[in-house]
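Novice:
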Amino acid sequence: AFKQMEKDEL
Amino acid sequence: MNIFRLTGDLSHLAAIIILLLKIWKSRSCAGISGKSQILFALVFTTRYLDLFTSFISLYNTCMKLIYIGCAYATVYLIYAKFRATYDGNHDSFRVEFLVVPVGGLSVLINHDFSPLEILWTFSIYLESVAILPQLFMISKTGEAETITTHYLFCLGLYRALYLFNWIWRFYFEGFFDMIAIVAGVVQTVLYCDFFYLYVTKVLKGKKLSLPA
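Printed below as a string of structure tokens:
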């Protein structure tokens with residue numbers, strides 16, 4: 021599975 | 021926040037503002053692909069739906085609102101205010117060939133099968149290819165105004181800087197997001213040919229024109 025980044029990017 | 025992320029965001033902002041100012045000052049959207057701008061407005065709309073669900077920072081919220089606002093302002097200028105100057109005949113890229121596969125891919129490959137997550141994934145995939153109508157238009161007309169090339173350079177630089185940001189975050193924060201990274205690499209690669217022309221022609225004071 022893919023590890024997900026926090027959605028703090030634009 | 022690291023230096024690559026910040027300069028990436030600022031480069032993105034610069035691109036958006038350069039394009040708006042170019043259209044506003046010249047009272048013309050000649051040479052600009054309205055289709056690419058609609059795709060970017062769609063990208064921001066589907067990605068920033070989390071404005072309604074989560075607060076990350078004042079910086080994050082402000083930038084999202086600016087990006088969305090500018091994207092729709094650009095579309096308005098092209099399709100309404102300066103519609104007479106819009107070069108629709110040369111803006112002939114078939115966007116359904118992008119939107120449909122990207123939509124399918126975002127349903128198939130995502131982090132979580134939920135509406136917001138699928139729309140976020142859709143926006144990431146779509147952004148990676150949204151510039152193609154613009155690049156297609158330039159290849160069709162064989163030239164681009166210098167200010168348009170500055171816009172494209174800033175827009176390409178932004179995702180390239182994000183790649184360095186992701187390398188940074190992987191090493192120092194343990195973060196990585198395969199969807200964003202793969203799409204970001206694709207997006208950056210699409211600009212490589214243009215970067216080459218920008219450095220070898222535009223930066224040496226020549227207009228960007230392609231051999232016939």
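One line per chain: the protein sequences are A and B, in this order. Counting the first sequence from 1 gives a position; the numbering used here is that position plus 20. Counting the second sequence from 1 gives a position; the numbering used here is that position plus 20. Positions of the beta carbon are idealized from the N, C-alpha and C atoms, including for glycine. Here the structure is a predicted model, which is why all the values come from computation and not from measurement.
Candidates B/D29, B/Q57 and B/V63: which alpha carbon is nearest B/L40's?
Specialist: Against the second sequence, residue 40 of chain B aligns to sequence position 20. The candidate whose alpha carbon is nearest that of B/L40 is B/Q57.
Novice: Residues in its own chain within less than 6 Å of B/F195 by CB, not counting five upstream and five downstream?
Specialist: Here the question's residue 195 of chain B lines up with position 175 in the second sequence. Excluding residues within five positions, the ones whose Cβ falls inside 6 Å are R189.
Novice: For B/T141 and B/W44, I'd like the C-alpha separation in whole angstroms.
Specialist: Position 121 of the second sequence, counted from the first residue, corresponds to residue 141 of chain B. Position 24 of the second sequence, counted from the first residue, corresponds to residue 44 of chain B. Using only the alpha carbons, I get a separation of about 32 Å.
Novice: Taking the continuous alpha helix (DSSP H) assigned at B/P231, which residues delimit it?
Specialist: Stepping through the second sequence from its first residue, residue 231 of chain B is reached at position 211. From DSSP, B/P231 is part of no alpha helix (DSSP H); its letter is neither H nor E.
Novice: So, is the C-beta of B/Y87 closer than 8 Å to a C-beta in chain A?
Specialist: Walking along the second sequence from the start, residue 87 of chain B turns up at place 67. Closer than 8 Å to some Cβ of chain A, the Cβ of B/Y87 qualifies, so yes.
Novice: Taking B/R47 as the reference, which of B/A61, B/L78 and B/Y96 has the closest Cα?
Specialist: By one-based count along the second sequence, residue 47 of chain B stands at place 27. When only C-alpha atoms are compared, the closest one is B/Y96.
Novice: So with CB distances below 7 Å, who are the chain A contacts of B/I76?
Specialist: For the purposes of this step, residue 76 of chain B is taken as the residue at position 56 of the second sequence. The answer, in chain order, is D28.
Novice: Can you give me the C-alpha to C-alpha distance between B/Q154 and B/D111, rounded to a whole angstrom?
Specialist: Residue mapping note: residue 154 of chain B aligns to position 134 of the second sequence, counting from 1. Residue mapping note: residue 111 of chain B aligns to position 91 of the second sequence, counting from 1. If I take the Cα positions, the gap works out to 8 Å.
Novice: Who does B/E163 pair with in a DSSP beta bridge?
Specialist: As a first step, residue 163 of chain B must be located in the second sequence, where it is residue number 143. B/E163 is bridged to B/S229.
Novice: Could you confirm whether any beta carbon from chain A is found closer than 8 Å to the beta carbon of B/N22?
Specialist: Here residue 22 of chain B refers to the residue found at position 2 when the second sequence is read from its first residue. Answer no: the Cβ-Cβ gap between B/N22 and chain A never drops below 8 Å.
Novice: Measure the beta-carbon distance from A/L30 to B/M21 and round it to whole angstroms, keeping in mind my assumption that it falls under 8 Å.
Specialist: Here residue 30 of chain A refers to the residue found at position 10 of the first sequence. Here residue 21 of chain B refers to the residue found at position 1 of the second sequence. Actually they do not touch by this definition, with Cβ atoms about 11 Å apart.
Novice: Check the Cβ-Cβ distances between B/N109 and every residue of chain A, and say whether any is below 8 Å.
Specialist: As a position in the second sequence, residue 109 of chain B is number 89, starting the count at 1. No - not a single Cβ of chain A is within 8 Å of the one on B/N109.
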